[in-house]
Amino acid sequence: MQKRFSGVVVPMITPLNKDFTVDIEAIERIIRLFNKNEIHPLVLGTTGESSSISEVESYKLVEAAVRVKGKNQCIYAGLVGNQVQQLIERGNKYIQIGADCIVATLPSYYILTPSQMITFYTRLADEIAGPVMMYNIKATTQMTIPLDVVEHLSNHPSIYGLKDSERDEDRLKNCIETYKNREDFSYFCGWGAQSAGSLELGADGIVPSTGNIVPEMYGKLYSAASNKDWNECMKWQYETNKVAVMYQKDRTLGESLAALKVMMHSKEICNTIMMPPLTELCADDVKLILNSFQS
-7 MQKRFSGVVV PMITPLNKDF TVDIEAIERI IRLFNKNEIH PLVLGTTGES SSISEVESYK
53 LVEAAVRVKG KNQCIYAGLV GNQVQQLIER GNKYIQIGAD CIVATLPSYY ILTPSQMITF
113 YTRLADEIAG PVMMYNIKAT TQMTIPLDVV EHLSNHPSIY GLKDSERDED RLKNCIETYK
173 NREDFSYFCG WGAQSAGSLE LGADGIVPST GNIVPEMYGK LYSAASNKDW NECMKWQYET
233 NKVAVMYQKD RTLGESLAAL KVMMHSKEIC NTIMMPPLTE LCADDVKLIL NSFQS
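Following the working numbering, the numbering of the sequence shown begins with -7 at its first residue and continues without gaps.
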């Protein structure tokens, strides 16, 4: 069964110029690199520093991604913020520009009740003129979207799936079992270390940030999964795990994103500039990263 949304969706970094505008050439370079490896980009997600990117620059980013996307490539556009009407307006603009799906994170200033979560996603799905997916990421919102809320919202005709970054094996297995046979709803595993395992259980897709630096590995991992060659799939899981440790271990989320850009810069993909309030790594840390990555 081929669902509308599936496969490897990499939460793309946002390449920046020195004046903090988006680097169009680097965006196009990354989208083409992803397409070469049969990967779909999620722009303006957590890895893309979405909470700090201005409205104007976000439109430029989506426009650039849509302009060069491959024939079979889907552009997922993230929505992050606390002003609901502005989120709806941005979401509609992204769809108008050509994004294929809107991936929305819960507003994060107030802890929301399950009823408020349902109201939020229902309003987005009712008022955005395109497919919407839920994005569960407790690490940034300090909230978990309960499974009964996911189930309720999965029946909305404009809500097409869940991208789940919570590190909970029971929840992962429950979601996969519940939705793997639903033609109208996709489950994406956003827990990088469980990419291969989730696909073997029946997940529709994976969302690994490490795919920014080794997209070819995730192309091979997913190809092996599609062929049900689970030994080969786990081989690539092991290799991607080693890369993930290089930029994530003992770092905050923001620091890990800066480290990821350092690694990408070493491959001449983008520069290392971070959008405030995040900052670039110090020279000593850069040296450690590069020594580890290039060895």
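Note that beta-carbon positions come from the ideal geometry of N, C-alpha and C, so glycine has one too.
Quick caveat, the model's predicted, so the values are computed rather than measured.
Going by beta carbon distance, what residues of the same chain come within less than 6 Å of residue i, once the five residues before and after it are set aside?
{"i": "Gly153", "result": "Phe(-3), Met125, Phe177 and Ser178"}
{"i": "Lys172", "result": "Gly194"}
{"i": "Gly37", "result": "Pro3 and Gly70"}
{"i": "Phe180", "result": "Lys155, Gly197 and Val199"}
{"i": "Val142", "result": "Leu154"}
{"i": "Val235", "result": "Thr202 and Val206"}
{"i": "Gly62", "result": "Asn27"}
{"i": "Asn74", "result": "Pro99 and Tyr101"}
{"i": "Ile16", "result": "Ala56"}
{"i": "Leu42", "result": "The sequence as given places Ser at residue 42; Leu does not occur at that position. Closer than 6 Å at the Cβ level, and outside the excluded window around Ser42, lie Leu36, Gly70 and Val72."}
{"i": "Glu272", "result": "Ala250, Thr264 and Met266"}
From the DSSP output, which residues share a beta bridge with residue i?
{"i": "Ile94", "result": "Ala69 and Val124"}
{"i": "Pro33", "result": "Val2"}
{"i": "Phe180", "result": "Lys155 and Gly197"}
{"i": "Leu8", "result": "Val14"}
For residue i, count neighbouring C-beta atoms within 10 Å of its own C-beta (all shown protein chains included) and say buried if the count is 16 or more, exposed if not.
{"i": "Gln134", "result": "exposed"}
{"i": "Tyr230", "result": "exposed"}
{"i": "Tyr101", "result": "exposed"}
{"i": "Gln77", "result": "exposed"}
{"i": "Ala57", "result": "buried"}
{"i": "Leu116", "result": "buried"}
{"i": "Asn204", "result": "buried"}
{"i": "Gln88", "result": "exposed"}
{"i": "Gly246", "result": "exposed"}
{"i": "Ser146", "result": "buried"}
{"i": "Val14", "result": "buried"}
{"i": "Ala18", "result": "buried"}
{"i": "Val48", "result": "exposed"}
{"i": "Arg82", "result": "buried"}
{"i": "Ile22", "result": "buried"}
{"i": "Ser46", "result": "exposed"}
{"i": "Ile103", "result": "exposed"}
If you compare alpha carbons, which of the options is closest to residue i?
{"i": "Val1", "options": "Ser46, Glu143, Glu161 and Tyr214", "result": "Tyr214"}
{"i": "Leu270", "options": "Ala251, Asp15, Gln286 and Ser258", "result": "Ala251"}
{"i": "Gln286", "options": "Asp242, Asp140 and Val254", "result": "Val254"}
{"i": "Gly122", "options": "Ala57, His148, Asn233 and Ala185", "result": "His148"}
{"i": "Asn9", "options": "Asn233, Ile265 and Val235", "result": "Ile265"}
{"i": "Val206", "options": "Ile261, Gly90, Ala56 and Val72", "result": "Ile261"}
{"i": "Asn64", "options": "Ile89, Arg24 and Glu47", "result": "Arg24"}
{"i": "Cys225", "options": "Lys241, Glu208, Val237 and Tyr239", "result": "Glu208"}
{"i": "Gly(-1)", "options": "Gly211, Thr111, Ile103 and Ala185", "result": "Gly211"}
{"i": "Lys(-5)", "options": "Glu175, Glu41, Glu20 and Val237", "result": "Glu175"}
{"i": "Ser150", "options": "Glu119, Thr170, Asp15 and Lys241", "result": "Glu119"}
{"i": "Ser258", "options": "Leu282, Ala275, Val237 and Glu47", "result": "Leu282"}
{"i": "Pro138", "options": "Glu49, Glu47 and Ser107", "result": "Ser107"}
{"i": "Thr105", "options": "Leu273, Ile22 and Asp140", "result": "Asp140"}
{"i": "Ile5", "options": "Glu161, Arg21, Glu20 and Gly40", "result": "Gly40"}
{"i": "Lys241", "options": "Lys227, Ser284 and Lys220", "result": "Ser284"}
{"i": "Val72", "options": "Glu272, Cys274 and Thr132", "result": "Thr132"}
{"i": "Ile80", "options": "Val60, Arg59 and Tyr113", "result": "Tyr113"}
Going along the chain, which residues of its own chain have a beta-carbon closer than 8 Å to the beta-carbon of residue i, five neighbours each way excluded?
{"i": "Trp183", "result": "Asp156, Ser157, Glu158, Arg159, Leu164 and Ser190"}
{"i": "Pro268", "result": "Phe12 and Ser44"}
{"i": "His144", "result": "Ile110"}
{"i": "Ala185", "result": "Gln229, Asn233 and Ala236"}
{"i": "Asp276", "result": "none"}
{"i": "Trp222", "result": "Ala188, Glu192 and Ala216"}
Within its chain, find whatever has a CB closer than 7 Å to the CB of residue i; leave out the 5 residues flanking it on each side and keep chain order.
{"i": "Lys85", "result": "Tyr51"}
{"i": "Thr136", "result": "Asn128, Lys130 and Glu158"}
{"i": "Arg243", "result": "Ala251"}
{"i": "Tyr239", "result": "Ser248, Ala251, Leu252, Met255 and Ile281"}
{"i": "Leu34", "result": "Val1, Val2, Pro3, Met4, Tyr68, Gly70, Val95 and Val199"}
{"i": "Val278", "result": "Val254"}
Answer with yes or no whether the minimum CB distance from residue i to chain C is below 8 Å.
{"i": "Asn173", "result": "Annotation note: the requested chain C is absent from the structure, which comprises a single protein chain."}
### Query
So does the segment 162 to 169 actually touch the segment 190 to 207, counting three or more Cβ pairs closer than 8 Å?
yes
### Task
Report yes or no: do three or more beta-carbon pairs, one from the segment 27 to 47 and one from the segment 208 to 226, lie closer than 8 Å?
yes
### Message
Closer than 8 Å is the cut-off here; do at least three beta carbon pairs connect the segment 89 to 96 with the segment 61 to 70?
### Response
yes
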